[in-house]
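A.B. asks: Mind the numbering: the sequence shown is residues 2 to 259 in the numbering used here, read in order.
After the structure tokens below, expect a handful of questions from me.
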Amino acid sequence: MTAVPRTEGPVLPRDVVTGLTALLCDADGNLFPSEEPAFVASAEVTNRFLAELGDARRFTAEELRLATTGMNFRSTARRLAAESGRPEVDVEPWVAEERRAVTAYLGEHLRPHPETTAALVALAPHLRLAAVSSSALRRLAACFTATGLDELIPPEARFSAEDSLPTPTSKPDPAVYLHACEQLGIAPGAGLAVEDSVPGALSAVRAGCLTVGNLLFVQPAERAEREAALREAGVLTVVGSWQELADLLLPVLTGGGR
């Protein structure tokens, strides 16, 4: 997948960059194009869940993606149960089943994205890399292994709104970003979050993290609308690729400046 063409270059103020110590990377749809394949597996589980609820609705993978991007499956299942008039249903067995199905599917179908890897390799000597995600840690592990990113962002630098918090939550709740910053020993303002979704951007902004939008893996027909929504959510700028972000950061981080 190629970088998104841009008519106006993104800008990050020099004083913003000089204050950074960590790069806080959303994972799905940002570090790797996992959202579309994940929804193939998730839709199958979702539709079985709806059948058990007695709900006649069914989702294609694309319909589910558009309806729930940025939410974890627990939040989705609870919403569907409430909409079906069954808010008392225990969704946890379905959360476990969806996690198993999606993890297996992603581990089999994801591949490395060389341009993203190269940009992260260039940034790693200057900023601590971490993943901040709504997804479960086991799913992240499968994705990082399949895409060759294990060494760049090892397990101890991955934070999950599903598994890392005392109470599981999902973006746009800022809890996972606040937790990540606490564990990394940094103030939120010293971390630059990179997000592709509006719920993710809101989560980071609400936590006090400086935030950049990334359109690399956003569907072409959705990029203009997504960029506008990300800016409204409070991102500092929007880039079309990790290399474009590296080109913004490295001149300052290496002392070249602008």
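Note that the Cβ used here is the ideal one computed from N, Cα and C, for glycine as well.
Keep in mind the model is a prediction, meaning the values are calculated, not measured.
1. Ends of the beta strand (DSSP E) at Leu211?
2. Identify, in the order they occur along the chain, each residue of the same chain with its Cβ nearer than 7 Å to the Cβ of Leu287, setting aside the five sequence neighbours on each side.
3. Using the Cα positions of Ser198 and Ala97, report the straight-line distance between them to the nearest angstrom.
4. Once the 5 residues before and after Val18 are set aside, which same chain residues still bring their CB inside 7 Å of it?
5. With respect to the beta strand (DSSP E) encompassing Phe160, which residues constitute its N-terminal and C-terminal limits?
6. If you compare alpha carbons, which of Leu65, Leu25 and Arg87 is closest to Glu53?
7. Counting only runs of 4+ residues fully inside the stretch 53-131, write out the alpha helix (DSSP H) ranges in chain order.
8. Given this structure, state the Cα-to-Cα distance separating Pro126 from Leu24, to the nearest angstrom.
9. Classify Val122: buried if its beta carbon has 16 or more other beta carbons within 10 angstroms, exposed otherwise.
10. List the whole-angstrom C-beta distance separating Arg227 from Val219, where the pair is believed to meet the contact cut-off of C-beta under 8 Å.
11. Do you know offhand how far Gly186's Cα is from Asp56's?
12. Just to confirm, are Ala42 and Val103 a CB contact at a threshold of 8 Å?
13. Which same chain residues, not among the five before or five after Val12, have their C-beta less than 8 Å away from its C-beta?
14. Per DSSP, what kind of secondary structure is Ala191 in: helix, strand or coil?
15. Once DSSP output is grouped into helix, strand and coil, what is the label at Thr47?
16. On a Cα-Cα basis, can you pick out the residue from Arg75, Val133, Glu116 and Glu84 that is closest to Leu179?
C.D. replies: If we stick to the structure as given:
1. The sequence position of residue 211 within the sequence shown is 210, counting from 1. Looking at the DSSP string, the run of the beta strand (DSSP E) that includes Leu211 is Leu211 to Asn215.
2. Past the edges of the chain, shown from 2 to 259, lies residue 287, and the structure says nothing about it.
3. Translated into the one-based positions of the sequence shown, residue 198 becomes position 197. Translated into the one-based positions of the sequence shown, residue 97 becomes position 96. Looking at the two C-alpha atoms, the distance is approximately 24 Å.
4. Translated into the one-based positions of the sequence shown, residue 18 becomes position 17. Result list for Val18: Leu250, Val253 and Leu254, in chain order.
5. Position 159 of the sequence shown, counting from 1, holds the residue named residue 160. Note, Phe160: beta strand (DSSP E), Arg159 to Ser161.
6. The residue given as residue 53 occupies position 52 in the sequence shown. Of the candidates Leu65, Leu25 and Arg87, the one whose C-alpha sits nearest the C-alpha of Glu53 is Arg87.
7. 62-69, 74-84, 93-110 and 115-124
8. Here the question's residue 126 lines up with position 125 in the sequence shown. Here the question's residue 24 lines up with position 23 in the sequence shown. When rounded, the distance between both Cα atoms is 11 Å.
9. Locating residue 122 in the sequence shown gives position 121, counting from the first residue. Classification of Val122: exposed, given that the 10 Å Cβ count is below 16.
10. Stepping through the sequence shown from its first residue, residue 227 is reached at position 226. Stepping through the sequence shown from its first residue, residue 219 is reached at position 218. So it is a contact: roughly 5 Å between Cβ atoms.
11. Taking the sequence shown and counting its residues from 1, the one referred to as residue 186 is at position 185. Taking the sequence shown and counting its residues from 1, the one referred to as residue 56 is at position 55. Each residue's Cα considered, the two are about 46 Å apart.
12. In the sequence shown, the residue the question calls residue 42 occupies position 41. In the sequence shown, the residue the question calls residue 103 occupies position 102. Cβ distance < 8 Å, so Ala42 and Val103 count as in contact.
13. Counting from 1 along the sequence shown, the entry for residue 12 is found at position 11. Excluding sequence neighbours, Val12 sits near Thr238 and Leu249.
14. Within the sequence shown, the letter at position 190 stands for residue 191. If DSSP states are grouped into helix, strand and coil, Ala191 belongs with the helices.
15. Within the sequence shown, numbered from 1, the residue matching residue 47 stands at position 46. In the structure shown, Thr47 sits in a helix (DSSP, three-state: H, G or I).
16. Taking the first residue of the sequence shown as position 1, residue 179 is located at position 178. Of the candidates Arg75, Val133, Glu116 and Glu84, the one whose C-alpha sits nearest the C-alpha of Leu179 is Val133.
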